[in-house]
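Once you know that position 77 of the sequence shown is 80 in the numbering used here, the rest is easy, because the numbers rise by one and skip nothing.
We treat Cβ as the ideally placed atom computed from N, Cα and C, and that holds for glycine.
Worksheet for the structure shown next.
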Amino acid sequence: MSKQTRSKNSYHTTLYQLAKDIWVVCPQCEKRAIIDTGGFHSFEKTSHTIKLVCSHCGHNKYLENVIHRIDPKQKQGKVLIFGEPIDPFFHIPLWLQSEFEGNILWAYNLEHLQLLEEHVGAKLRERNQQNFNVRSLGARLPKWMTAAHNREAILKQIQKLKAK
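Given below as structure tokens:
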């Protein structure tokens, strides 16, 4: 488990930046599949091909020309859902998820899980006021996850997810 007493990175990283190589449950064989988001997480104004690939059964699926909405009035295209225990593109359940006291602990990939572990395990969560991002992972985590009385139990759940 994390022995770190301070956490800074979680206030500089957004969920969108972690949306790369997302681990999901394969819709065909129910083993781990990966969604390659290309450069989507970099917020370049180009279209991206998002692909789902399962190395166990060979299942694959593509979303082409996924672009970031430039005009807020734009209503066409794929609906992306962030902040739920499903992947934002195909809406498939995430591989890294478990129930915790009626809530769902989830992560897109090991990088996301590591950031959660560092944030939850930290006794001091420092926010740099000059570069603080209200959309950062640290600012958006629910209270049940950041509560000190849940710290050890959540860290155990994170270890189980890492071993999955």
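Three-way DSSP call (helix, strand, coil) for residue i in this model
{"i": "residue 5", "result": "Summary for residue 5: the model assigns pLDDT 44, below 50, so the residue's position carries little reliability, and this model does not support an answer."}
{"i": "residue 128", "result": "strand"}
{"i": "residue 153", "result": "helix"}
{"i": "residue 138", "result": "coil"}
{"i": "residue 66", "result": "strand"}
{"i": "residue 36", "result": "strand"}
{"i": "residue 166", "result": "helix"}
{"i": "residue 23", "result": "coil"}
{"i": "residue 144", "result": "coil"}
Residue from the options with nearest C-alpha to residue i
{"i": "residue 31", "options": "20, 56, 90, 91", "result": "56"}
{"i": "residue 116", "options": "159, 38, 52", "result": "159"}
{"i": "residue 61", "options": "38, 52, 83, 82", "result": "38"}
{"i": "residue 15", "options": "161, 148, 118, 95", "result": "118"}
{"i": "residue 19", "options": "64, 153, 114", "result": "114"}
{"i": "residue 157", "options": "95, 101, 64", "result": "101"}
{"i": "residue 17", "options": "144, 150, 140", "result": "140"}
Cβ neighbour criterion (16 or more within 10 Å) applied to residue i
{"i": "residue 4", "result": "Only weak support is given to the placement of residue 4: the predicted model assigns it a pLDDT of 44, under 50, and the question is left unresolved by the model."}
{"i": "residue 142", "result": "exposed"}
{"i": "residue 97", "result": "buried"}
{"i": "residue 155", "result": "exposed"}
Cα-Cα separation, residue i to residue j
{"i": "residue 26", "j": "residue 110", "result": "8 Å"}
{"i": "residue 22", "j": "residue 40", "result": "7 Å"}
{"i": "residue 104", "j": "residue 87", "result": "17 Å"}
{"i": "residue 58", "j": "residue 36", "result": "7 Å"}
{"i": "residue 123", "j": "residue 12", "result": "12 Å"}
{"i": "residue 93", "j": "residue 146", "result": "28 Å"}
{"i": "residue 152", "j": "residue 125", "result": "13 Å"}
{"i": "residue 127", "j": "residue 107", "result": "24 Å"}
{"i": "residue 64", "j": "residue 33", "result": "15 Å"}
{"i": "residue 54", "j": "residue 83", "result": "14 Å"}
- Task: List in chain order: all unbroken beta strand (DSSP E) runs of 3+ residues lying wholly within the stretch 79-108.
- Result: 99-103
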